[in-house]
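Adding 1212 to a residue's 1-based position in the sequence shown gives its number in the numbering used here.
Single-structure report; data block below.
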Amino acid sequence: MQRHVAILGAGPVGLDAALACADAGRPFTVYEAADTVAAHVRSWGHVRLFTPWDLNASHRMRTHLPHAPTGEDCPTGAELATRLLDPVAALPVLAGRIRFRTRVAAIARTGLLKHEQIGTPVRAAAPFTLLLDTPDGEDTAEAGLVLDCTGTYSHPNALGPGGIPAPGERALADRITRTLPDTGDPDRWAGTVLLVGAGKSAQSAARDLAALPGTRVEWAVRSPAPDWGAVPGDTLPGRQHLVDASAALADGANDRVTVHTGTRVHALRPLGEQVGVTLTTPDGPLEILCDHIVALTGYTGDSALYRQLQVHECYATGAPMNLSAALLASAGGDCLAQPSAGIDSLRTPEPHFFIMGAKSYGRLNTFLLRTGYEQIDQLAAAYAEEAMLLSTGS
Ligand SMILES: Cc1cc2nc3c(=O)[nH]c(=O)nc-3n(C[C@H](O)[C@H](O)[C@H](O)COP(=O)(O)OP(=O)(O)OC[C@H]3O[C@@H](n4cnc5c(N)ncnc54)[C@H](O)[C@@H]3O)c2cc1C
1213 MQRHVAILGA GPVGLDAALA CADAGRPFTV YEAADTVAAH VRSWGHVRLF TPWDLNASHR
1273 MRTHLPHAPT GEDCPTGAEL ATRLLDPVAA LPVLAGRIRF RTRVAAIART GLLKHEQIGT
1333 PVRAAAPFTL LLDTPDGEDT AEAGLVLDCT GTYSHPNALG PGGIPAPGER ALADRITRTL
1393 PDTGDPDRWA GTVLLVGAGK SAQSAARDLA ALPGTRVEWA VRSPAPDWGA VPGDTLPGRQ
1453 HLVDASAALA DGANDRVTVH TGTRVHALRP LGEQVGVTLT TPDGPLEILC DHIVALTGYT
1513 GDSALYRQLQ VHECYATGAP MNLSAALLAS AGGDCLAQPS AGIDSLRTPE PHFFIMGAKS
1573 YGRLNTFLLR TGYEQIDQLA AAYAEEAMLL STGS
């Protein structure tokens, strides 16, 4: 009998996994916490991807949707959701398969604790139990294969030194923006913004905030000499533009933007409507008063979800150990040039449980949609082999 597949998250990778199940004739259910597909992508819908349509749709999506957008244009997150992922979700093969407003709260191996039946066939044969938060209250579901495609965007990292919250950060949590600011309404960002982080999200925010005449940006960057993730001879123009724009801001191209390199956030405290922030800079402490704080210090997936499973995580990245080792071995350079790590790198000691998509990269920020779709290819091939063995009784 085919295993029932539970796909956690209806982002691009979860939807591609759903198509792979439909194509293979496997029973499956997609559990999505939000009331639409692509909820994370929509929350950065105003941001333009730096990869073009040709890289953003999987071959399965293109087979099911022959008129899916193609070409070298780079969509925004909103366009990716409405022009590709909504139509995928509306395909008849996915009808009734996506349970919206259903958050998976925890996963267990039915009847077995984390430390029991280590590496035995008993563990591998036991189904999974999912604890679900639904609009009608708690519920449970069973599955024989679980794909955790829940992404990372709802779990931002702290902005304090060494990745822990800076003193004052937790108390001011509701005054800190941890998603990419939408600068469509300039008044929303009037005054002084403290921007923290140096990755592509922070660089996009810096570029957009710098364009607002009523906004002053104090940009705190940890590295004393950031290279902004420059890729020599970059073939993705959008990514190269960001690097160039960030370097120009660091060189003083915009007098409303100050880039503080080699700088950490030491502490925050409320000062009426504003927040007082102490920065540790190479020249000593610096006090600034800001109206907004935008912390874009990365995201890491929610490992609490699989706490009761036997998942071997990398101590450095939080990604599944084998995948992390492969990624660290090829670290640096262009994420487009990353070799595909293969199905064995996706396996964890917990049989039939896989972390896929952006979450599979842990703290590493080099994940691309293309990689997620390749992961689904690898998994589909591995389980097609299993199905064949089952059908021939070997
Ligand atoms: C600003 C930004 C720009 C990016 N630009 C590019 C780019 O140009 N090119 C590129 O290839 N990649 C890009 N990426 C990286 C990556 O491709 C995206 O993060 C992509 O959305 C990852 O897809 P995913 O399906 O793995 O996860 P997500 O898109 O994060 O989807 C996860 C889904 O799971 C749901 N969910 C979360 N928790 C639960 C739960 N407990 N139970 C049920 N459902 C849950 C969420 O609501 C969401 O719908 C970008 C990322 C960001 C943040």
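Positions of the beta carbon are idealized from the N, C-alpha and C atoms, including for glycine.
- Of the other Cβ atoms in all chains shown, fewer than 16 fall within 10 Å of the Cβ of PRO1304; this residue is therefore exposed.
- An exposed status is given to GLY1375, since fewer than 16 other beta-carbon atoms sit within 10 Å of its beta-carbon.
- Between HIS1276 and the set LEU1540, LEU1227 and ASP1456, the nearest pair of CA atoms involves LEU1227.
- Closest in alpha carbon position to LEU1343, among TYR1573, ILE1555 and ARG1519, is ARG1519.
- Fewer than three Cβ pairs drawn from the region 1333-1343 and the region 1439-1453 lie within less than 8 Å of each other, which leaves the two stretches out of contact.
- In the DSSP assignment, THR1275 falls within the alpha helix (DSSP H) that extends over 1271-1276.
- For a cut-off of 8 Å, the C-beta gap from VAL1506 to PRO1425 is around 18 Å, too long to register as a contact.
- By the 16-neighbour rule on beta-carbons within 10 angstroms, HIS1327 is exposed.
- Two segments are said to touch when three or more pairs of C-beta atoms, one from each, lie closer than 8 Å; by this definition the region 1297-1315 touches the region 1235-1252.
- Scanning the region 1486-1561 for uninterrupted beta strand (DSSP E) segments of 3 residues or longer gives 1486-1493, 1496-1502 and 1504-1507, listed from N- to C-terminal end.
- For the pair LEU1539 and THR1395, the Cα-to-Cα distance works out to about 34 Å.
- According to the DSSP assignment, ALA1336 belongs to the alpha helix (DSSP H) that extends over 1333-1337.
- Residue GLY1530 holds the alpha-carbon nearest to the alpha-carbon of THR1560 among THR1583, GLY1530 and THR1578.
- Distance from the Cα of VAL1300 is smallest, within the candidate group GLU1597, VAL1217, THR1332 and HIS1279, for HIS1279.
- PRO1494 is positioned such that its CB atom lies closer than 8 Å to that of PRO1436.
- Spatial neighbours of ARG1451 in its own chain (CB-CB distance under 6 Å, excluding positions within 5 residues in sequence) are listed in chain order as PHE1262.
- Taking 8 Å as the cut-off, the Cβ atoms of GLY1283 and VAL1253 do not count as close.
- Rounded to the nearest whole angstrom, the CA to CA distance from PRO1532 to ALA1465 is 42 Å.
- Residue environment for ILE1330: exposed (fewer than 16 other C-beta atoms within 10 angstroms of its C-beta).
- Non-local C-beta neighbours of ARG1481 in its own chain, meaning closer than 6 Å and more than five positions away in sequence, comprise GLY1380 and GLY1488, ordered along the chain.
- For VAL1259, no alpha helix (DSSP H) segment is defined, and its DSSP state is neither H nor E.
- Using a 10 angstroms sphere on the CB of ARG1419, the tally of other CB atoms reaches 16 or more, which defines it as buried.
- Taking a contact as a CB-CB distance under 8 Å, the pair ALA1318 and LEU1517 counts as one, their CB atoms being some 6 Å apart.
- Secondary structure within the region 1378-1434: the alpha helix (DSSP H) runs of 4 or more consecutive residues, fully enclosed, are 1412-1422 (chain order).
- Taking 8 Å as the cut-off, the beta carbon of LEU1297 is found closer than this to the beta carbon of ALA1250.
- Taking a cut-off of 8 Å on C-beta distances, the region 1398-1418 does not touch the region 1354-1364, as fewer than three cross pairs fall below it.
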